[in-house]
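Peer 1: Let me begin by handing over the structure; questions about it come next.
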Amino acid sequence: MQRRQIKYGNNQLTPWLRLPGVVLCGLLILLLLSACTNNNYAPIYNLERPKTVTKGVHTVRRGETLYAIAWRYGRDYRELARANGIRWPYTIYLGQRISLYKSAPPASAPSKTTQVAKKPQQRVVQPKPAPQPVVTKGPISWRWPVKGAIVGRFNGVSNKGIDIKGKAGQTVRAAADGVVVYAGSGLIGYGNLVIIKHSQTFLSAYAHNKKVLVAEKNKVKAGQKIAEIGSSGASENKLHFEIRKNGKPVNPLWYLPK
């Protein structure tokens, strides 16, 4: 009786013993690795966004504004405007090439050309620019754009703002008075995005919205409903909120009320 039991046990092990040694080692390694892993996966929203770019050329695509282009490359919109000779109200056109250099790009070696007498140019009268939209001149009174738990904190590299968890359709409000300078989904990683200009120094952004309720050039008041929380460009319902000072991301918690 004892012999039969031993024989039966050996028959059970025989298929495993017939496997090549390499396969057995591989299975053991997989088992060990699975025992060491945990469920603390890196959230998708921590993927690093592009760093500040100071060279190259950007070709304007449909729906883009100078503010959105500056935001994409971590630049101050005024700096890009000066480098490209663009005056307020910073109108740009589809297909226009925007230099990302801080000054004019290095000129290539001049080619030898035959000098041609220049015809006298007629004086062109520049029209007077329209008055700029009113933005905050004094200290900005900031307020929270939504109520919720902070699930992602500012680090200036992989997260240039804060992430606030919310429910789909929850109201997103303007963090301060200002003018909407971008409303769209053209910036990769931000989903449906709203950018508001509060002063010559400060801009704020509201990303991953389910629905945008304002349009470019709209004036907004602090606390005004501008969007609804969603998961566009993200893995969960949340608001990604940024504040930029002179084009550079700063920690929103430095400015929002405690």
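For the record, in the sequence shown the residue sitting at position 90 is 398 according to my numbering, with numbers rising by one throughout. Heads up, the beta-carbon is just placed ideally off N, CA and C, and yes, glycines get one too. If you're wondering where the values come from, they're calculated on a predicted model, not measured in any experiment.
Spatial neighbours of Y563 within its chain, please: CB distance less than 7 Å, with the 5 preceding and 5 following residues excluded, ordered by chain position.
Peer 2: Taking the sequence shown and counting its residues from 1, one reaches residue 563 at position 255. If we look at Y563 and ignore the five residues flanking it on each side, its Cβ neighbours are W450, I551.
Peer 1: Going by DSSP in three states, R405 sits in which element: helix, strand or coil?
Peer 2: As a position in the sequence shown, residue 405 is number 97, starting the count at 1. The answer is strand: DSSP assigns R405 an E or B state.
Peer 1: Kindly indicate which three-state DSSP category R481 falls into: helix, strand or coil?
Peer 2: Against the sequence shown, residue 481 aligns to sequence position 173. In the structure shown, R481 sits in a strand (DSSP, three-state: E or B).
Peer 1: Within the continuous beta strand (DSSP E) that includes A513, where are the two ends?
Peer 2: Mapped onto the sequence shown, residue 513 falls at position 205. Per DSSP, A513 belongs to the beta strand (DSSP E) from 510–520.
Peer 1: Since T360 contacts G382 with CB under 8 Å, what's their CB separation in whole angstroms?
Peer 2: For the purposes of this step, residue 360 is taken as the residue at position 52 of the sequence shown. For the purposes of this step, residue 382 is taken as the residue at position 74 of the sequence shown. Going by Cβ atoms, the distance from T360 to G382 rounds to 4 Å, so yes, they are a contact pair.
Peer 1: Just to check my reading of the structure: I537 and V459 have Cβ atoms closer than 8 Å, yes? What is that Cβ distance to the nearest angstrom?
Peer 2: Walking along the sequence shown from the start, residue 537 turns up at place 229. Walking along the sequence shown from the start, residue 459 turns up at place 151. At roughly 12 Å, the Cβ-Cβ gap does not stay under 8 Å, so I537 and V459 are not in contact.
Peer 1: Reducing DSSP to helix, strand and coil, say where E387 ends up.
Peer 2: Here residue 387 refers to the residue found at position 79 when the sequence shown is read from its first residue. It is helical.
Peer 1: Between the C-alpha atoms of V487 and K546, what's the straight-line distance to the nearest angstrom?
Peer 2: Counting from one through the sequence shown, the residue named residue 487 turns up at place 179. Counting from one through the sequence shown, the residue named residue 546 turns up at place 238. Cα to Cα, the separation comes out at about 23 Å.
Peer 1: Where does R380 sit, in a helix, a strand or coil, going by DSSP?
Peer 2: Walking along the sequence shown from the start, residue 380 turns up at place 72. In the structure shown, R380 sits in a helix (DSSP, three-state: H, G or I).
Peer 1: What is the DSSP secondary structure of Y563, reduced to helix, strand or coil?
Peer 2: Here residue 563 refers to the residue found at position 255 when the sequence shown is read from its first residue. Coil.
Peer 1: Would you say G541 and Y498 are within 9 Å of each other, going by their C-beta atoms?
Peer 2: For the purposes of this step, residue 541 is identified with residue 233 of the sequence shown, where counting begins at 1. For the purposes of this step, residue 498 is identified with residue 190 of the sequence shown, where counting begins at 1. In contact: G541 and Y498 (Cβ atoms closer than 9 Å).
Peer 1: Provide the residue span of the beta strand (DSSP E) that contains H366, from first to last.
Peer 2: In the sequence shown, residue 366 corresponds to position 58, counting from 1. From DSSP, the beta strand (DSSP E) with H366 extends over 365–367.
Peer 1: In this structure, how does DSSP classify Y398 when only helix, strand and coil are distinguished?
Peer 2: Within the sequence shown, residue 398 is the residue found at index 90, counting from 1. In this structure, Y398 counts as coil in the three-state DSSP scheme.
Peer 1: Can you tell me which of S407, K455, D485 puts its alpha carbon nearest to the alpha carbon of S507?
Peer 2: In the sequence shown, residue 507 corresponds to position 199, counting from 1. Minimum Cα distance to S507 is reached at D485.
Peer 1: Can you pull the DSSP bridge partners for I551?
Peer 2: Counted from its first residue, the sequence shown places residue 551 at position 243. According to DSSP, which records beta bridges pairwise, I551 is partnered with S512, V558.
Peer 1: Quick check on Y490: does DSSP put it in helix, strand or coil?
Peer 2: On the sequence shown, residue 490 is found 182 positions in, with the first residue counted as 1. Strand at Y490.
Peer 1: Out of R386, E387, W396, I377, state which residue places its alpha-carbon closest to the alpha-carbon of Q404.
Peer 2: The count along the sequence shown starts at 1 and reaches residue 404 at position 96. Considering only alpha carbons, the answer is I377.
Peer 1: Identify which residue in D471, L511, V465 has its Cα closest to the Cα of A457.
Peer 2: Here residue 457 refers to the residue found at position 149 of the sequence shown. Closest by alpha carbon: D471.
Peer 1: What number of angstroms, rounded off, separates the C-alpha of L495 from the C-alpha of W379?
Peer 2: By 1-based counting over the sequence shown, the position of residue 495 is 187. By 1-based counting over the sequence shown, the position of residue 379 is 71. Cα-Cα distance, rounded: 9 Å.
Peer 1: Distance check for H548 and G474, CA to CA, integer angstroms please.
Peer 2: Counting from one through the sequence shown, the residue named residue 474 turns up at place 166. Counting from one through the sequence shown, the residue named residue 548 turns up at place 240. If I take the Cα positions, the gap works out to 11 Å.
Peer 1: For G477 and S539, I'd like the C-alpha separation in whole angstroms.
Peer 2: Along the sequence shown, read from residue 1 onward, the residue named residue 477 stands at position 169. Along the sequence shown, read from residue 1 onward, the residue named residue 539 stands at position 231. So the alpha carbons of these two residues sit roughly 10 Å apart.
Peer 1: Return helix, strand or coil for L501, following the three-state DSSP convention.
Peer 2: In the sequence shown, residue 501 corresponds to position 193, counting from 1. Three-state DSSP puts L501 in a strand.
Peer 1: In whole angstroms, what separates the C-alpha of I400 from that of V368?
Peer 2: Taking the sequence shown and counting its residues from 1, one reaches residue 400 at position 92. Taking the sequence shown and counting its residues from 1, one reaches residue 368 at position 60. The alpha-carbon atoms of I400 and V368 are separated by roughly 8 Å.
Peer 1: Considering only DSSP beta bridges, list what I534 is partnered with.
Peer 2: As a working note, residue 534 is residue 226 in the sequence shown. Paired residues: none, contrary to the question.
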